[in-house]
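Colleague: Position one of the sequence shown corresponds to residue 8 (the working numbering), numbered consecutively onward. Beta carbons: idealized from backbone N, C-alpha and C, even for Gly.
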Amino acid sequence: MTVKRGLLIGRMQPIHEGHLQVILKILDEVDELIIAVGSAQKSHTLDNPFTAGERILMIGQTLADEGVDPSKYYIIPIEDINTNAIWVSHVKMMTPPFSVVYSGNPLVQRLFYEENYEVEAPPLFNRTLLSGTEIRKRMINGGNWEKLVSDKTIELINAFDGINRIRHLYKKEISEL
Ligand code: ATP
Ligand code: MG
Numbered sequence: 008m009t010v011k012r013g014l015l016i017g018r019m020q021p022i023h024e025g026h027l028q029v030i031l032k033i034l035d036e037v038d039e040l041i042i043a044v045g046s047a048q049k050s051h052t053l054d055n056p057f058t059a060g061e062r063i064l065m066i067g068q069t070l071a072d073e074g075v076d077p078s079k080y081y082i083i084p085i086e087d088i089n090t091n092a093i094w095v096s097h098v099k100m101m102t103p104p105f106s107v108v109y110s111g112n113p114l115v116q117r118l119f120y121e122e123n124y125e126v127e128a129p130p131l132f133n134r135t136l137l138s139g140t141e142i143r144k145r146m147i148n149g150g151n152w153e154k155l156v157s158d159k160t161i162e163l164i165n166a167f168d169g170i171n172r173i174r175h176l177y178k179k180e181i182s183e184l
């Protein structure tokens, strides 16, 4: 029997309930899922506050808490390369073979389509609230970000001092008098 393996790629800054719902849905459709953590080299910026290692822990512990069998998925960091024409090869180099790609991103869809992959656009759950951008905004403004992520993600972000980190990064540099 051939294993049907899918790929989902996202920066997951941080993983939120939308990602979780879509991961659970895809796991019903494939034998194994590769969760690719994009822009893996980035951290300590307002758009990408967490390291790849921190994001991998958030994803793994969130799925463990949901009771997902760890033999059903791989979490693989993927650094950016700024050459779209060879990006699919770059992803393939880092991952087990896969046949179906789940992405809502038109560029990602197009690049895999041109390499003859089956491409599916997964449904978006409550997209106004369930987006990394909204969560990071709430972290800065003191809004309720906790409501939009898993308990394990809250624990880990607190352990990483994540809220102070993103607020510190948000401060303007104090100019000399
Ligand atoms: P950001 O605002 O930082 O871009 P994001 O919420 O868009 O964060 P990404 O890390 O960019 O999350 O994740 C990319 C992929 O995750 C999307 O292409 C989409 O397939 C999936 N995804 C993101 N948000 C949701 C959601 N609310 N429901 C279902 N899938 C989602
Ligand atoms: Mg996005």
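Name the DSSP beta bridge partners of A3, please?
Modeller: Only positions 8 to 184 of the chain appear in this structure, which leaves residue 3 out of reach.
Colleague: Evaluate Q48 with the Cβ neighbour count: other Cβ atoms within 10 Å of its Cβ, from every protein chain shown; 16 or more gives buried, anything less gives exposed.
Modeller: Counting from one through the sequence shown, the residue named residue 48 turns up at place 41. Exposed, since its Cβ has fewer than 16 Cβ neighbours within 10 Å.
Colleague: Could you check which residue in D72, N89, D87 and G67 has the C-alpha nearest to that of Y80?
Modeller: For the purposes of this step, residue 80 is identified with residue 73 of the sequence shown, where counting begins at 1. Answer by Cα proximity: G67.
Colleague: In the DSSP assignment, find the unbroken beta strand (DSSP E) run with E127 in it and report its ends.
Modeller: Within the sequence shown, residue 127 is the residue found at index 120, counting from 1. From DSSP, the beta strand (DSSP E) with E127 extends over E125 to E127.
Colleague: Apart from the five residues just before and just after L155, which ones in its own chain have a Cβ nearer than 8 Å to its Cβ?
Modeller: In the sequence shown, counting from the first residue as 1, residue 155 sits at position 148. Result list for L155: H23, E24, L136, L137, E141, I142 and R145, in chain order.
Colleague: On the DSSP letters alone, give me the boundaries of the alpha helix (DSSP H) that V95 sits inside.
Modeller: Within the sequence shown, the letter at position 88 stands for residue 95. Residues W94 to M101.
Colleague: Near P129, which residues of its chain fall below 6 Å by C-beta distance, leaving aside the five closest residues on each side in sequence?
Modeller: Here residue 129 refers to the residue found at position 122 when the sequence shown is read from its first residue. Here the set comprises V29 and Y109.
Colleague: Can you check DSSP and say which residues form a bridge with V115?
Modeller: Position 108 of the sequence shown, counted from the start, is the residue given in the question as residue 115. V115 pairs with nothing; no bridge assigned.
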